[in-house]
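Single-structure report; data block below.
Protein chains: 2
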Amino acid sequence: MADLASPLALMVRKLEIHTPLQPDDREALLSLPHTLKTYEPSAYLVREGEAPEQCAVLLSGFAFRQKLTGQGMRQIVSMHIPGDALDFQHLFLDIADHNVQTLTRADVATIPRTALRNLARSRSAIGNAIFVSTLVEGSISREWVLNVGRRDARSRLAHLLCEFAVRLDVLGLAGDQGYELPMSQEQLADALGLTAVHVNRTIKSLEADGLITRNRRRISFPRWDALRDLADFSTRYLHLEHAR
Amino acid sequence: MADLASPLALMVRKLEIHTPLQPDDREALLSLPHTLKTYEPSAYLVREGEAPEQCAVLLSGFAFRQKLTGQGMRQIVSMHIPGDALDFQHLFLDIADHNVQTLTRADVATIPRTALRNLARSRSAIGNAIFVSTLVEGSISREWVLNVGRRDARSRLAHLLCEFAVRLDVLGLAGDQGYELPMSQEQLADALGLTAVHVNRTIKSLEADGLITRNRRRISFPRWDALRDLADFSTRYLHLEHAR
DNA sequence: CGTTTAATTGAAAGCAGTCAAACTATGTGG
DNA sequence: CCACATAGTTTGACTGCTTTCAATTAAACG
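Residue numbers (the numbering used here), protein chains in the order written: chain A, 1 to 244; chain B, 1001 to 1244.
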């Protein structure tokens, strides 16, 4: 399809999962001015305290949002996959309240904040789509509070794996054979509020129970239903009711 | 001031903390159709899985958002104070992904979803204000993930107390002598990802260190700076840069 | 007052953290 | 192709924060 010609096509497709767009809206998004850049793993895209003038969109690779405590402990507060916009926040908030980093090498499109903001204002369907996308991120964040606050290590890890699997699958980025989990065990620990050592033990425990299989960082799910049950995972909070 | 004549005045004031509004926008908000109702403590305002047709605004009293695990453990994912709108989510998402409950007896104004949505669409300043308000809630949610994921019980509790104090103070609802904390220790536990027993011990530990003083549920802060330091608390994530 | 709910305390158990070391994979330069 | 460096994974032993279970005390309520 012609859409795939534009680097922003995946972002548009992702927005349309929650909010259908008319062809002219789609066109307007696809023809937003933008520059392309490839970042190395762990590169900072946004730093807490700064005032981003650009809106970064992830085209390939993975990224995450992260906050640090005063003593330097890190908490990853969300994960991002290709197609995710990483800066919708900063269309309307000036100062970044968290850091955004690449997880892997990543291709990123950078859109001037004002161009996107004007588009959101002039075309209400686009404004809606951006708003809804932000709301879904908020819902995911609430689920993370629940996950970190009330589930034990096994369920917590299983939940993260399920979320990742479903989010990738919705965009057709997960194979039938599971997916390549791009996170080190230390990064998993920071996302789960655990230590790397305990993540290691927890992974091996899931593996021992036959709930996951690993080969390098490729993970597959021989007993998806059992993993979903252990994770206490439901897709409701992802708001996929209009997907497909 | 005349504004205070409308029950929605506090909500408007709260929106204006982040987004200044013109008089006509303010008028439009204040004259939104709405009904008033008083709820008892623990009353459900929104239930997960339902499709709210109304937008609830808290006029007096307190409320919280909450999710349950499959095994019935509860996690409070956000706290709400007078002036907070509890349903901006549902202007654009159909299905509720969490529960909303009153904490105390509370006066609530209920605005038809469509009326508010139309206003948000027709007046871009109001749409902005609602968006920004949602973004700030997202920021608070990220801070909660950090709080629950990476701080120990003492800092975690201290952080919650600091957040509450500042949010109340911004609206002029906290006295110099601290404030009436409307939560039971069990509710605190559910907000912090701890057990009620441990919350009790942690409160007493802060008290023993002279960081807080209690009288019934009234809490005051004789050594605010020390508490803030222990809590690792900064107001940045509340995005109050335009307040006052 | 009697009843119920919330707060408090003690003792014991457990999940996860800490510390330290060994092992594996990957990559680089000679 | 091997020696070496680096980053990530794995394992063991021990510690400790938080939970669990149970019982007591205090406060709130009709």
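We put the beta carbon where it would ideally sit given N, CA and C, even for glycine.
Please read these numbers as outputs of a predicted model, since none were measured by experiment.
Run through chain A and tell me which residues come within less than 8 Å of residue i, C-beta to C-beta.
i, result
"B:Q1089", "L135, G138, S139"
"B:D1232", "T69, G70, Q71"
"B:G1175", "Correct list: empty, because the minimum Cβ distance to chain A is about 28 Å."
"B:G1172", "Correct list: empty, because the minimum Cβ distance to chain A is about 23 Å."
Using a cut-off of 7 Å between C-beta atoms, extract the partners of residue i located in chain A.
i, result
"B:V1077", "R142, V145, L146"
"B:N1128", "F92"
"B:Y1237", "D97"
"B:D1121", "Here residue 1121 of chain B turns out to be Arg, not Asp, going by the sequence shown. Result: S124."
"B:R1151", "T69"
Figure out for me which residue from the options has the closest Cα to the Cα of residue i.
i, options, result
"A:L75", "A:V148, A:R236, A:F164, A:R154", "Per the sequence shown, the amino acid found at residue 75 of chain A is Gln instead of Leu. Nearest option by C-alpha distance: A:V148."
"A:S220", "A:L181, A:E186, A:L238, A:N200", "A:L181"
"A:A125", "A:F62, A:T19, A:G138", "A:T19"
"A:T195", "A:A174, A:R154, A:I140", "A:R154"
"A:Q185", "A:L157, A:Y179, A:D176", "A:L157"
"B:S1006", "B:L1168, B:Q1022, B:R1117, B:G1083", "B:G1083"
"B:L1068", "B:P1222, B:E1207, B:A1191, B:R1201", "B:A1191"
"A:A9", "A:D87, A:D169, A:F64, A:L30", "A:L30"
"B:Y1237", "B:T1134, B:W1224, B:L1211", "B:T1134"
"B:E1048", "B:R1244, B:D1176, B:I1095", "B:I1095"
"A:L188", "A:D225, A:A106, A:A115, A:Q66", "A:Q66"
"B:R1217", "B:L1059, B:M1183, B:S1122, B:D1225", "B:M1183"
"A:R13", "A:I130, A:P33, A:H34", "A:I130"
"A:L36", "A:L59, A:E50, A:P23", "A:L59"
"A:G178", "A:H198, A:R214, A:L119", "A:R214"
"A:V46", "A:D169, A:V132, A:A85", "A:A85"
Taking the DSSP output, what are the residues bridged to residue i?
i, result
"B:M1079", "B:F1064"
"B:G1070", "None, per the DSSP bridge assignment."
"B:Y1039", "B:A1106"
"A:Y44", "A:Q101"
"B:I1111", "B:C1055"
"B:Y1179", "B:I1219"
"B:A1085", "B:V1057"
Which stretch, first to last residue, makes up the beta strand (DSSP E) that contains residue i?
i, result
"B:R1214", "1213-1215"
"B:S1139", "Looking at the DSSP string, B:S1139 is not in any beta strand (DSSP E); the run it does join, the alpha helix (DSSP H), is 1124-1150."
Run down chain B in chain order and give the residues with a C-beta less than 8 Å from the C-beta of residue i.
i, result
"A:E285", "For residue 285 of chain A there is no data in the structure shown, the boundaries of chain A being 1 and 244."
"A:R65", "R1142"
"A:G210", "The contacting residues do not exist; A:G210 stays about 21 Å from chain B at best."
"A:G83", "Residues of chain B passing the Cβ test: none, with the nearest at roughly 19 Å."
What are the boundary residues of the alpha helix (DSSP H) that residue i is part of?
i, result
"A:S6", "Per DSSP, A:S6 belongs to no alpha helix (DSSP H) and is neither H nor E."
"A:R218", "A:R218 -> not in any alpha helix (DSSP H); beta strand (DSSP E) instead, spanning 218-220."
"B:L1161", "1153-1170"
"B:P1023", "1023-1030"
"A:F92", "89-92"
"B:S1234", "No alpha helix (DSSP H) contains B:S1234, which DSSP labels as neither H nor E."
"B:S1184", "Element bounds for B:S1184: n/a, residue is neither H nor E."
"B:A1208", "1196-1208"
List, in chain order, every chain A residue whose beta-carbon is nearer than 9 Å to that of residue i.
i, result
"B:V1132", "F92, L93"
"B:G1178", "Correct list: empty, because the minimum Cβ distance to chain A is about 23 Å."
Below 8 Å, how does it come out for the region 135-148 of chain A and the region 41-61 of chain A: are there three or more Cβ pairs, yes or no? no
Are there three or more Cβ pairs, one per stretch, closer than 8 Å when the region 106-115 of chain A is compared with the region 45-60 of chain A? yes
Is it the case that the region 153-168 of chain A contacts the region 224-240 of chain A, given that we only count it when at least three CB pairs across the two stretches are under 8 Å? yes
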